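Everything below concerns the one structure shown next.
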Amino acid sequence: AQRVTQPEKLLSVFKGAPVELKCNYSYSGSPELFWYVQYSRQRLQLLLRHISRESIKGFTADLNKGETSFHLKKPFAQEEDSAMYYCALSRTNTDKLIFGTGTRLQVFP
Amino acid sequence: EADIYQTPRYLVIGTGKKITLECSQTMGHDKMYWYQQDPGMELHLIHYSYGVNSTEKGDLSSESTVSRIRTEHFPLTLESARPSHTSQYLCASSGLRGVDYGYTFGSGTRLTVV
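Here the protein sequences come in this chain order: W and S.
This note's numbering puts the last residue of the first sequence at 1520; the count rises by one with no breaks.
This note's numbering puts the last residue of the second sequence at 338; the count rises by one with no breaks.
Laid out in structure tokens, this is it:
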């Protein structure tokens, strides 16, 4: 069965420290991976997609098919990065997303 | 401004009542979705629609029903609410796959059944 695992419920770092939010998936096909973010009192919104290969707000994520991972990274965390982050997977030829349980990132000053 | 709207934001209702959670989008998206999320848990897909008169159940079994009579409107109905239905319900929509593809989410409805 398809599954997205985010092993950390909470990740706390100080401002300026590197951040890595882990995401592993299980899917035998060719997945499309996403990171969604929810800031305090705001809606869930798309942060980035692996297909785009972009850096958004300093965050990057590389799809590693060998390790079935899609970790989200930022070299220098900012206080405004504090939010809930969800990894999601879309199966081949479908628009339905499977979400992980989310990781809360806290960035302390 | 093109957006997706959910009402109400919060709803407290008694057991046995019939409720409808509203979701409307003005982006012209064909695909719409309902997700259910309990605190600290992942989002579970309960219904989706690929267009008018097209609705299917999601991965998580739900006693709710949906309809898609108009492209912009995707309401979710519970005929008889129970405490086990207490949860957050998120509506989302998506358009054609392209550079900016992704879900647009509504603000959610937090439902409490007492």
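Built from N, CA and C at the ideal position, the CB exists for glycine as well.
Computed from a prediction, not measured in an experiment: that's the story for all the values here.
Checklist entry - If you draw a straight line from the C-alpha of W:Gln-1489 to the C-alpha of S:Ser-318, how long is it? => result Here the alpha carbon of W:Gln-1489 sits roughly 30 Å from the alpha carbon of S:Ser-318.
Q: For S:His-297, name the three-state secondary structure that DSSP assigns.
A: Looking at S:His-297 - three-state DSSP - the assignment turns out to be strand.
Quiz item: Taking S:Glu-287 as the reference, which of S:Gly-275, S:Leu-302, S:Arg-294, S:Val-338 has the closest Cα?
Solution: Closest by alpha carbon: S:Leu-302.
Exercise. Looking at C-beta atoms only, is the number of pairs between the segment 253-271 of chain S and the segment 303-315 of chain S that lie closer than 8 Å three or more?
Worked result: Taking 8 Å as the limit for Cβ pairs, the verdict is that the segment 303-315 of chain S does touch the segment 253-271 of chain S.
inquiry  = Here's a check: name, in chain order, each residue in its chain whose Cβ is nearer than 8 Å to the Cβ of S:Gly-326, leaving out the five neighbours to either side.
reply    = Cβ within range, chain order: Ser-318.
So S:Met-265 and W:Thr-1512 are supposed to be a Cβ contact under 8 Å. How far apart are they, rounded? That pair is a contact at about 6 Å.
Quiz item: Whose C-alpha, out of W:Ile-1509, W:Trp-1446, W:Ile-1467, is nearest the C-alpha of W:Pro-1486?
Solution: Distances from the alpha-carbon of W:Pro-1486 to those of W:Ile-1509, W:Trp-1446, W:Ile-1467 put W:Ile-1467 closest.
Mind pulling the chain S residues with CB within less than 7 Å of W:Thr-1503?
Neighbours of W:Thr-1503 on chain S: none; closest Cβ ~12 Å, over 7 Å.
ask   = Exposed or buried, W:Val-1415, counting other C-beta atoms within 10 Å across all chains shown (16 or more means buried)?
value = Per the 10 Å Cβ criterion, buried.
Buried versus exposed call for S:Asp-227 [16 or more other C-beta atoms within 10 Å across all chains shown]: Residue burial annotation: S:Asp-227 is exposed, with fewer than 16 other C-beta atoms found within 10 angstroms of its C-beta.
7 Å Cβ cut-off: residues of chain S touching W:Gln-1511:
Rather than Gln, the amino acid found at residue 1511 of chain W in this sequence is Gly. What W:Gly-1511 touches in chain S: Glu-266.
Reference W:Thr-1471; option with closest CA among W:Leu-1444, W:Gln-1453, W:Arg-1454: W:Leu-1444 is the residue among W:Leu-1444, W:Gln-1453, W:Arg-1454 whose C-alpha sits nearest the C-alpha of W:Thr-1471.
Got a sec: is the Cβ-Cβ distance from S:Ser-318 to anything in chain W below 8 Å? Yes, its Cβ sits closer than 8 Å to a Cβ of chain W.
With DSSP as the reference, identify every bridge partner of S:Ser-336, one or two as the case may be. It should be pointed out that residue 336 of chain S corresponds to Thr in this sequence rather than to Ser. In the DSSP output, where bridge partners are listed per residue, S:Thr-336 has S:Val-236.
- Query: With DSSP run on the structure shown, which of helix, strand or coil describes S:His-309?
  - Reply: It is helical.
Exercise for review: Starting from the N-terminal side, write out each stretch of the beta strand (DSSP E) that is 3 residues or longer and does not extend beyond the segment 267-293 of chain S.
Suggested key: With a minimum length of 3 residues, the unbroken runs of beta strand (DSSP E) contained wholly in the segment 267-293 of chain S fall at 267-275, 278-281.
Practice task
Identify, in the order they occur along the chain, each residue of the same chain with its Cβ nearer than 6 Å to the Cβ of S:Gln-219, setting aside the five sequence neighbours on each side.
Solution key: With chain S covering 225 to 338 only, the question about residue 219 of chain S has no answer from this structure.
*With a cut-off of 8 Å on the beta carbons, I'd call S:Pro-299 and S:Ser-291 a contact; round off their distance for me.*
At roughly 6 Å, the Cβ-Cβ gap stays under 8 Å, so S:Pro-299 and S:Ser-291 are in contact.
Exercise for review: Give a yes or no on whether the minimum CB-CB distance between S:Tyr-313 and chain W is below 8 Å.
Suggested key: Interface flag for S:Tyr-313 against chain W is unset, since no Cβ pair is found closer than 8 Å.
**Report entry** Classification of W:Gln-1417 by the beta-carbon crowding that lies within 10 angstroms, buried from 16 upward
**Finding:** Under this definition W:Gln-1417 is a buried residue.
For chain S, check one thing: does any of its Cβ atoms lie closer than 8 Å to the Cβ of W:Leu-1444? With 8 Å as the cut-off, W:Leu-1444 does not count as an interface residue toward chain S.
Inset, instruction - Please list the partners that W:Lys-1433 has in chain S, where partner means a Cβ-to-Cβ separation under 8 Å. - result: Chain S residues near W:Lys-1433: none, gap ~15 Å exceeds 8 Å.
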